[in-house]
Amino acid sequence: MGRLDYINGPEDIKRISPGEWDALAAEIRRFLISHCSACGGHLASNLGVVELTMAMYLSFSPPTDKIIWDVGHQSYTHKILSGRKKDFAGLRSFGGIAGFPKRNESPCDAFNTGHSSTSISAGLGMATARDLRGEQHAVISVIGDGALTGGMAYEALNNAGRMKSNFIIVLNDNRMSISENVGGMSAYLNSIRTSAGYNRLKENVAEALFAIPGIGKHMVESLRTTKNGIKQLFVPGMFFENLGVTYLGPVDGHDIKKLMRVFEEARRLPRAVLVHVITEKGKGYRPAERHPDLFHGVGPFELATGVPKKNKQYPDYTDVFSKTLIQLAAEDPNIVAVTAAMPEGTGLAAFGRRYPQRCFDVGIAEQHAVTSAAGLAAGGMKPVVAVYSSFLQRGFDQVLHDVCIQNLPVVFAIDRAGLVGADGETHQGVFDLSYLGCIPNMTILAPKNLWELEEELRFAFSYGGPIAIRYPRGKAYRGLAEHREPIRFGKAELIFREEKTALLALGSMVSTAEHVREKLKALGQPCTLVNMRFAKPIDKELLAELAETHENFVTLEENVLRGGFGLEVAEWASSQKKELSVTHIALPDAYVEHGDVSVLREHLGIDSDSVVAVLRDKYHW
């Protein structure tokens, strides 16, 4: 049996002798690499925090002590040490454990996470609740250096400085978020990391002061007492100190004994404390060490080389966006691009290499990304904000106030729209039609295939107002290639015309509707198929024409029903003199758990077989 076999609960690690800690860390890394190579997952971030997580479990006592992980990409070791190693076969699979902390999964998961820059705020709230209830447990918020660029983290730090009781913030500094960090905070932390002579200088000054007869020892002790050590004579950590947060570090995040000593010191202080920990993302697996960005979120890969097991044969929608944007930018020098720390994930990395002066990575700061794009537009440029659907939620206020009120020509390229899969509730892009559709001046499109995405992007940059294009994660659909009616504002595309029943599909659901039509036709129920293209505005002129020869409208969208385009169609239908039956195929008013997209589609009833079953039951076909 290995040492990992003895870890079945949060206290078990404390029964492992210090001499075996390094061996246990190595076992954990082998477990993580082996699992992720077979099933995929977040690898590099988890490899970087093995010793840090072990040190926290040795220094604190979850679930009594509360550990809050920012985002949660790095929580795998935490899940192992808390007793969930046996459940890893189902990690991120439908019905299995989540890839992020979930309160309903384990009492050791103190707070649900998934989006960035939230842990300090959550921890501050939990520490305050602890004090109000007269409890004594520790509260530890773990945040990465990338997440620290988010505005919410600054807001929380500003309030944490007022704490009159212990609250520990662990800054996991690996010099990376998903992509390389940018901005002033990154530069500041780098200055701390690279102060090679800092600790040596501190020791030399201490020795010199001790040598002063009579008063030297008193001076050193006084400094340690009043300013938490001689280090406060120098620059490192002063940003946090000026906010009222005591700074400790930097400390080697792979040295368990040093980490435990600094955690012991941090726990004694009756105020907010930030422990600055230096870690290496991808540590212990050479391919991940060399390319941590490529091993952030991975599919199955060859263990020996790190090469993905599945070679991409066809482009995905992100690839199509990337290639098309570069082509359009070559034609129009006013086109610029903005991303919030996701140049690789959104496909902007290639654009940035081609046009570095026209590509702006603002860090994990979606609000700033949107408003800076508004400023670019007001200044005469044509900006595109490339962002995941679930992350654009964070910039809703800015879309409404800074872009749409002024009717500015900002293009929103919304990746990961619809069901995303294994990342679960916090990442499913199933609300964007709803939260964007309610905003005046906003136009929303969705492509049926890769060629239509190209044309919609071209249309968007010529449109002259706020416009969003939503497209799903994964391989771009190559069907219906012969149907390429030019994009016209607010106009749908009639693909197949029949009578009685019209399938009104948007974006990714056009391919589903195509399969539904084929299956219904085999049952003797031919259907009209419409590619709606525009979720806002809907093509009321075509709907009116179809109402003359059809009895049934079926709307299909990969979005929650509430606020989606289907209810827009229903509202229009209710205003007509002719009675129309409207059936909605959409996602329920619920959060969608993690799992394979095909499994989720079937579970949620939006796959072609489920749609056919619904229609046969309703219309007795």
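Residue numbers (this note's numbering): 874 to 1494. Every residue, glycine too, gets a C-beta built ideally from N, C-alpha and C.
Rounded to whole angstroms, how far is the Cβ of residue i from the Cβ of residue j, which I believe are closer than 8 Å?
i       : j       : result
Pro883  : Leu997  : Between Leu997 and Pro883 the Cβ distance is about 23 Å, and since that is not below 8 Å, they are no contact.
Ile1237 : Ser990  : 6 Å
Ile1208 : Arg1227 : Rounded, the Cβ-Cβ distance is 11 Å, inconsistent with contact.
Ile1041 : Asp943  : The pair is not a contact, with the Cβ atoms about 13 Å apart (cut-off 8 Å).
Phe1304 : Gln1266 : 7 Å
Phe973  : Gly945  : 4 Å
Ser979  : Arg957  : 7 Å
Val1182 : Pro1173 : Note that residue 1182 corresponds to Lys in the displayed sequence, not to Val. Going by Cβ atoms, the distance from Lys1182 to Pro1173 rounds to 4 Å, so yes, they are a contact pair.
Taking residue i as part of the alpha helix (DSSP H), name the residues at either end of that continuous run.
i       : result
Lys1413 : Lys1413 to Ala1420
Trp1324 : Leu1323 to Tyr1336
Thr1178 : Taken as a continuous stretch (DSSP letters only), Thr1178 belongs to no alpha helix (DSSP H), as it is neither H nor E.
Gly1225 : Ala1222 to Arg1227
Ile1046 : Looking at the sequence shown, residue 1046 is not Ile but Asp. Looking at the DSSP string, Asp1046 is not in any alpha helix (DSSP H); the run it does join, the beta strand (DSSP E), is Phe1040 to Asp1046.
Glu1366 : Counting along the chain, Glu1366 falls outside any alpha helix (DSSP H), though it belongs to the beta strand (DSSP E) covering Glu1366 to Phe1369.
Leu920  : Ala917 to Leu920
Ile953  : No alpha helix (DSSP H) contains Ile953, which DSSP labels as neither H nor E.
Ile906  : Trp894 to Cys912
Val1392 : The question names Val, but residue 1392 is Lys in the sequence shown. It spans Met1382 to Ala1395 - the alpha helix (DSSP H) in which Lys1392 sits, taken as one unbroken run.
Trp1445 : Phe1438 to Ser1447
Are the CB atoms of residue i and residue j nearer to each other than 8 Å?
i       : j       : result
Ala852  : Val1283 : As shown, the chain starts at 874 and ends at 1494. That puts residue 852 outside it, with no answer to give.
Ile889  : Val923  : no
Val1012 : Ala1020 : no
Pro1206 : Asp1234 : no
Phe1334 : Leu1201 : yes
Lys1450 : Gly1380 : no
Ala1161 : Leu920  : yes
Leu925  : Thr1152 : yes
Ile970  : Leu1030 : no
Gly1439 : Gly1310 : no
Lys1364 : Asp1288 : no
Asn1432 : Ser1307 : yes
Gln1398 : Thr1422 : no
Gly1468 : Ser966  : yes
Val1455 : Val1442 : yes
Gly1034 : Gly1117 : yes
Val1193 : Leu1318 : no
Ile1312 : Leu1330 : no
Glu1415 : Leu1367 : The displayed chain sequence assigns Leu, not Glu, to residue 1415. It is a contact, given that the beta carbons lie within the stated cut-off.
Val1043 : Val1150 : yes
Spatial neighbours of residue i within its chain, please: C-beta separation below 7 Å, excluding the five flanking residues on both sides.
i       : result
Met1133 : Ala928, Leu931 and Ser932
Gly1338 : Asn1280, Pro1282, Asn1314 and Thr1316
Arg1003 : His1010 and Val1012
Asn1032 : Leu997
Phe1498 : This structure cannot speak to residue 1498, because the chain is shown only from 874 to 1494.
Ala1026 : Ser990, Ile993, Ile1016 and Ala1020
Asp885  : Tyr879
Quick one: give me the first and last residue of the beta strand (DSSP E) that residue i is part of.
i       : result
Asp1125 : Thr1119 to Asp1125
Cys1232 : Cys1232 to Asp1234
Thr1428 : His1423 to Val1433
Asn1454 : Checking the displayed sequence, the identity of residue 1454 turns out to be Ser instead of Asn. Ser1454 to Leu1460 is the span of the beta strand (DSSP E), which, as asked, contains Ser1454.
Asp1288 : Val1284 to Asp1288
Gly1017 : Val1012 to Gly1017
Val1211 : Ile1208 to Thr1212
Asn1404 : Thr1401 to Asn1404
Asp1343 : The residue you asked about is not Asp; residue 1343 is Arg in the sequence shown. Looking at the DSSP string, the run of the beta strand (DSSP E) that includes Arg1343 is Ile1340 to Arg1343.
Ala1579 : The displayed coordinates of the chain run from 874 to 1494. Any statement about residue 1579 would go beyond what the structure contains.
Tyr1261 : Lys1255 to Tyr1261
Keeping to the same chain, check which residues put their C-beta closer than 6 Å to that of residue i; ignore five residues upstream and five downstream.
i       : result
Ser1195 : Gly1220 and Ala1223
Ala1257 : One point to set straight first is that residue 1257 is Val, not Ala, in the sequence displayed. Around Val1257: Ala1210, Val1284 and Ala1286.
Gly1170 : His915
Lys939  : Ala983, Met999 and Val1012
Gly1102 : Low per-residue confidence applies at Gly1102: pLDDT is 44, beneath 50, and the placement is therefore not dependable enough to give any value.
Ala995  : Ile941 and Phe984
Leu822  : Residue 822 lies beyond the residue range present for the chain, which begins at 874 and ends at 1494; the question has no answer from this structure.
Glu1328 : Ile1360
Arg1231 : Val1209
Take residue i and list the residues in its own chain whose beta-carbon comes closer than 8 Å to its own, dropping the five residues that flank it on each side.
i       : result
Leu1376 : Ala1386, Val1389, Arg1390, Cys1400, Thr1401, Leu1402, Val1403, Val1427 and Leu1429
Gly1478 : Ile1458, Val1484 and Val1487
Thr1098 : In this prediction, Thr1098 scores a pLDDT of 49, lower than 50, which makes its location untrustworthy; the coordinate-derived value is nonetheless stated afterwards. Nothing meets the Cβ criterion.
Ser907  : Leu1176
Gly1070 : Unreliable placement is indicated for Gly1070, whose pLDDT of 47 sits below 50; the coordinate value is still reported in the next sentence. Hits under 8 Å: none found.
Arg876  : Ile889, Glu893, Ala896, Leu897 and Glu900
Glu1475 : Asp1482 and Ser1483
- Message: Check whether the stretch 1136-1149 and the stretch 900-919 are in contact - that is, three or more C-beta pairs closer than 8 Å.
- Response: no
- Message: Using 8 Å as the cut-off, can you tell me whether the stretch 1341-1360 makes contact with the stretch 1286-1299, which would need three or more C-beta pairs spanning the two stretches below that distance?
- Response: The stretch 1341-1360 is in contact with the stretch 1286-1299.
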